[in-house]
Amino acid sequence: MPLKRALISASLLVFVVALATAGPLHAQCKVDWYFGIPCREVYEALVSQIKKWATIASCAMGGEKCLYKLESANVHFIAAKHTAPVTKHVDDLSFRLSSYDLYARCHVSALSVSETWYTVLDHGTNYCNLYNLMEGSGLTGVPGYKEVTSDFICTQRSSANCTVY
Ligand SMILES: *[C@@H]1O[C@H](CO)[C@@H](O)[C@H](O)[C@H]1NC(C)=O
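Numbered according to mature numbering (1 follows the signal peptide of the UniProt record, and there is no 0), the sequence shown spans residues -22 to -1, 1 to 143.
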């Protein structure tokens, strides 16, 4: 059965190559966050952090924690943009908030996408766009905090250094 074996190894090879190169086609990051506090509080923390980091001033010491711009906000959905202070690359951010456990807890489905389609590797910038807001607002320290993502749905998540990016 040499032909059959060759076919099997060939399809296995294609599968392995597909797996190795899987992940978003261009730089983007999707993260699910869970909090043991109501969405109203999560919403207020995120919106005030976006406003706090609106100008270049908060990047005076370097990093990317500045130039956020709120596009629209209600308790179910927040849209914003982040501009990289040096490269001026713009990423689109969105946060979908949904309550569970009778409004006691909040699930946030967050997405950051690079506007430039040719950005394939981003050093974790799209992840940090989202994570820096969570950390800066103190949401990473609230009861029940949990993050769910992976390199498959979040470009270079595992090697992201959000102090820099
Ligand atoms: C991230 O980068 C900063 C600044 O270069 C460095 O001090 C820090 O050790 C880095 N953190 C990790 C986890 O690599």
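For every residue, glycine included, the Cβ atom is placed at its ideal position computed from N, Cα and C.
Go ahead and pull the three-state DSSP assignment for residue i.
{"i": "tyrosine 78", "result": "strand"}
{"i": "isoleucine 56", "result": "strand"}
{"i": "lysine 43", "result": "coil"}
{"i": "threonine 141", "result": "coil"}
{"i": "alanine 88", "result": "strand"}
{"i": "methionine 123", "result": "According to the sequence displayed, residue 123 carries tyrosine and not methionine. It is coil, neither helix nor strand."}
{"i": "leucine 71", "result": "strand"}
{"i": "lysine 66", "result": "coil"}
{"i": "valine 98", "result": "coil"}
{"i": "alanine -1", "result": "In this predicted model, alanine -1 has a pLDDT of only 49, less than 50, meaning its place in the structure is not dependable; the value taken from the coordinates is given anyway. It is coil, neither helix nor strand."}
{"i": "serine 36", "result": "helix"}
{"i": "aspartate 26", "result": "A small fix is needed here, since residue 26 is serine in this sequence, not aspartate. In this structure, serine 26 counts as helix in the three-state DSSP scheme."}
{"i": "glutamate 19", "result": "helix"}
{"i": "phenylalanine -8", "result": "Annotation note: pLDDT 43 at phenylalanine -8 (below 50); position unreliable, coordinate value reported separately. Helix, per DSSP."}
Could you tell me which residues DSSP puts in a beta bridge with residue i?
{"i": "lysine 83", "result": "Going by the sequence as given, residue 83 is arginine instead of lysine. BP columns for arginine 83 point to Tyr78."}
{"i": "alanine 48", "result": "Rather than alanine, the amino acid found at residue 48 in this sequence is leucine. Answer is Ala58."}
Determine the extent of the beta strand (DSSP E) in which residue i is found, giving its start and end residues.
{"i": "cysteine 106", "result": "Per DSSP, cysteine 106 belongs to no beta strand (DSSP E); it is in the alpha helix (DSSP H), 103 to 114."}
{"i": "glutamine 134", "result": "No beta strand (DSSP E) holds glutamine 134; DSSP gives it neither H nor E."}
{"i": "cysteine 7", "result": "6 to 13"}
Hey, is residue i close to ligand 3, as in C-beta under 7 Å from one of its heavy atoms?
{"i": "threonine 118", "result": "No copy of ligand 3 occurs in the structure displayed; its ligands are ligand 1 alone."}
Quiz item: Within the chosen definition, does the region 120 to 127 reach the region 93 to 103 through at least 3 CB pairs nearer than 8 Å?
Solution: No contact exists between the region 120 to 127 and the region 93 to 103.
Quiz prompt | Contact between the region 7 to 21 and the region 104 to 124 (3+ Cβ pairs under 8 Å) | solution = Touching, yes.
Quiz item: Between the region 32 to 40 and the region 67 to 74, do at least 3 Cβ pairs fall closer than 8 Å?
Solution: In short, these stretches do not touch, since the Cβ pair count stays below three.
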